[in-house]
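Undergrad: Pasting in a structure now, in structure tokens, and then I'll have a few things to ask.
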Amino acid sequence: MLNQIKGLHHVTSLASGAAANNDFFTNTLGLRRVKKTVNFDAPDVYHLYYGDEIGTPGSVMTYFPFPDAARGTRGAGEVGTTAFAVPKGSLGAWQDRFAALGVSGLKSGQRFGDDVLTFDGPDGDSFALVEANDDRTPWSGGGIHEDHAIRGFHSASMRLKDEGATGELLTFMGYEKVGQDGDVTRYARADGNGADVIDIETVPGAPRASQGAGSVHHLAFAVDNRARQLEVREALSDTGYQVTPVIDRDYFWAIYFRTPGGVLFEIATNEPGFDRDEDTAHLGEALKLPAQHRHLRERLERTLEPIGD
Ligand code: ZN
Numbered sequence: 002m003l004n005q006i007k008g009l010h011h012v013t014s015l016a017s018g019a020a021a022n023n024d025f026f027t028n029t030l031g032l033r034r035v036k037k038t039v040n041f042d043a044p045d046v047y048h049l050y051y052g053d054e055i056g057t058p059g060s061v062m063t064y065f066p067f068p069d070a071a072r073g074t075r076g077a078g079e080v081g082t083t084a085f086a087v088p089k090g091s092l093g094a095w096q097d098r099f100a101a102l103g104v105s106g107l108k109s110g111q112r113f114g115d116d117v118l119t120f121d122g123p124d125g126d127s128f129a130l131v132e133a134n135d136d137r138t139p140w141s142g143g144g145i146h147e148d149h150a151i152r153g154f155h156s157a158s159m160r161l162k163d164e165g166a167t168g169e170l171l172t173f174m175g176y177e178k179v180g181q182d183g184d185v186t187r188y189a190r191a192d193g194n195g196a197d198v199i200d201i202e203t204v205p206g207a208p209r210a211s212q213g214a215g216s217v218h219h220l221a222f223a224v225d226n227r228a229r230q231l232e233v234r235e236a237l238s239d240t241g242y243q244v245t246p247v248i249d250r251d252y253f254w255a256i257y258f259r260t261p262g263g264v265l266f267e268i269a270t271n272e273p274g275f276d277r278d279e280d281t282a283h284l285g286e287a288l289k290l291p292a293q294h295r296h297l298r299e300r301l302e303r304t305l306e307p308i309g310d
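In the working numbering, the protein residues as written are 2 to 310.
What follows is the structure, given as structure tokens:
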């Protein structure tokens, strides 16, 4: 069993409009945009990162907004709901805020004994806020009172035809099965970064999901550094997983592999972080391009959809 993985690093999803996406995550949810760059594999679209003040791993929601992308269809083999942790007693204020801002899909309930408010993102993405005791420091510049602001990810819930092989993988990755609530099995780790819960919802009869705007593209898990990442890569390869070579994503190093249930996993390093090419005070303001795409700047500044500050 591996002990290098420290919880979620980031969650990456697909969107349609970039401006609407930016508005939702910075204004409605009060996260900080910590990086405005492009998809390194498809530089004609943005890669937008939102999180706490410095984009601490475990707080970072990222998007590839493809203009005019069709919505994905929900089903098995994908991440169903991505959940953020908020302080105890704050959901009423969030409910009022979301209602006033016209956020759709609002539904209150309970999961594993915690109060939960589910809501839709701008492309029908499935999100939830979960009340939790969470001592992570929230971003204070997002216009949301510190007593309410998002602390980072609480969990991600995968929707799979069966739990077995992916549950075994999570156990191999250092997670423990900690509970069952209806069709949902909960896995967690004790020594992580706060974003330590992965749920598996079993949906045996569901059709296979197809990806589009509003779908999660991959889940990334955090390791401290490149040495720990290589250990994880070797262990996964030895177990039979087809793992990509290490890829330089400028703000972290990444490896990817497809899980048995169909969801794409990434292992990302906590180093070097989002402040490697910008001052903390100005994170996410300027369009940052990786070396291989710098020659495209003039065209990209002309063609990428303008988004707010
Ligand atoms: Zn990623």
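Positions of the beta carbon are idealized from the N, C-alpha and C atoms, including for glycine.
Between which two residues does the alpha helix (DSSP H) carrying L231 extend?
TA: Start at 1 with the first residue of the sequence shown, and residue 231 comes out as number 230. Start and end: 227 to 239.
Undergrad: By the 10 Å Cβ neighbour count, where 16 or more other Cβ atoms means buried, how is R234 classified, buried or exposed?
TA: Sequence index remark: in the sequence shown, residue 234 carries index 233 (1-based). R234 comes out buried.
Undergrad: Using 8 Å as the threshold, is the C-beta distance between F99 and F120 below it?
TA: Taking the first residue of the sequence shown as position 1, residue 99 is located at position 98. Taking the first residue of the sequence shown as position 1, residue 120 is located at position 119. It is a contact, given that the beta carbons lie within the stated cut-off.
Undergrad: Residues in its own chain within less than 8 Å of A43 by CB, not counting five upstream and five downstream?
TA: To locate residue 43, count along the sequence shown from 1; it is residue 42. Cβ within range, chain order: F65.
Undergrad: Helix, strand or coil: how does DSSP classify W140 here?
TA: What you label residue 140 is simply residue 139 of the sequence shown in a count that begins at 1. Coil at W140, not helix or strand.
Undergrad: Smallest Cα separation from G114: which of G213, E132, D276?
TA: The sequence position of residue 114 within the sequence shown is 113, counting from 1. Ranking G213, E132, D276 by Cα distance to G114 puts E132 first.
Undergrad: What does DSSP give as the partner residue(s) for V104 in the beta ladder?
TA: Taking the sequence shown and counting its residues from 1, one reaches residue 104 at position 103. Answer is none; V104 lacks a bridge partner.
Undergrad: Check F99 in the structure and name its three-state DSSP category.
TA: As a working mapping, residue 99 is identified with position 98 in the sequence shown. If DSSP states are grouped into helix, strand and coil, F99 belongs with the helices.
Undergrad: Given 7 Å as the limit, tell me if H149 has its C-beta closer than that to any heavy atom belonging to the ligand ZN.
TA: Within the sequence shown, numbered from 1, the residue matching residue 149 stands at position 148. Every heavy atom of the ligand ZN is 7 Å or more from the Cβ of H149, so no.
Undergrad: Can you name the start and end residues of the beta strand (DSSP E) that F173 belongs to?
TA: By 1-based counting over the sequence shown, the position of residue 173 is 172. Run containing F173: none in the beta strand (DSSP E); it sits in the alpha helix (DSSP H), 165 to 173.
Undergrad: One question on the structure: do A228 and H10 come within less than 8 Å of each other, judged by their Cβ atoms?
TA: For the purposes of this step, residue 228 is taken as residue 227 along the sequence shown, with counting starting at 1. For the purposes of this step, residue 10 is taken as residue 9 along the sequence shown, with counting starting at 1. In this structure, H10 does not lie closer than 8 Å to A228 by Cβ.
Undergrad: Does the region 203 to 221 come within contact of the region 67 to 79, defined as at least 3 CB pairs closer than 8 Å?
TA: Contact holds: three or more Cβ-Cβ distances are below 8 Å.
Undergrad: Roughly how far, in whole angstroms, is the beta-carbon of L130 from the beta-carbon of L92, given that I think they are within contact range, below 8 Å?
TA: To locate residue 130, count along the sequence shown from 1; it is residue 129. To locate residue 92, count along the sequence shown from 1; it is residue 91. The Cβ separation is near 6 Å, so the contact holds.
Undergrad: Determine, using beta carbons only, whether Q230 and V244 come nearer to each other than 8 Å.
TA: On the sequence shown, position 229 is the one that residue 230 refers to. On the sequence shown, position 243 is the one that residue 244 refers to. Not a contact, by the Cβ cut-off of 8 Å.
Undergrad: Can you tell me which residues fall inside 5 Å of the ligand ZN, judged by beta-carbon distance to its nearest heavy atom, and keep chain order?
TA: Spelled out in chain order, the answer is T13, A221, E267.
Undergrad: I'd like the span of the beta strand (DSSP E) that includes R209, first residue to last.
TA: One-based indexing of the sequence shown puts residue 209 at position 208. Unbroken run through R209: none, as it is neither H nor E.
Undergrad: For A94 and A282, what's the separation of their Cα atoms in angstroms?
TA: Here the question's residue 94 lines up with position 93 in the sequence shown. Here the question's residue 282 lines up with position 281 in the sequence shown. Cα to Cα, the separation comes out at about 28 Å.
Undergrad: Would M62 and V12 be called neighbours here (beta carbons separated by less than 8 Å)?
TA: As a first step, residue 62 is located in the sequence shown; it is residue number 61 there, counting from the start. As a first step, residue 12 is located in the sequence shown; it is residue number 11 there, counting from the start. Yes; because the gap between Cβ atoms is below 8 Å, this pair is in contact.
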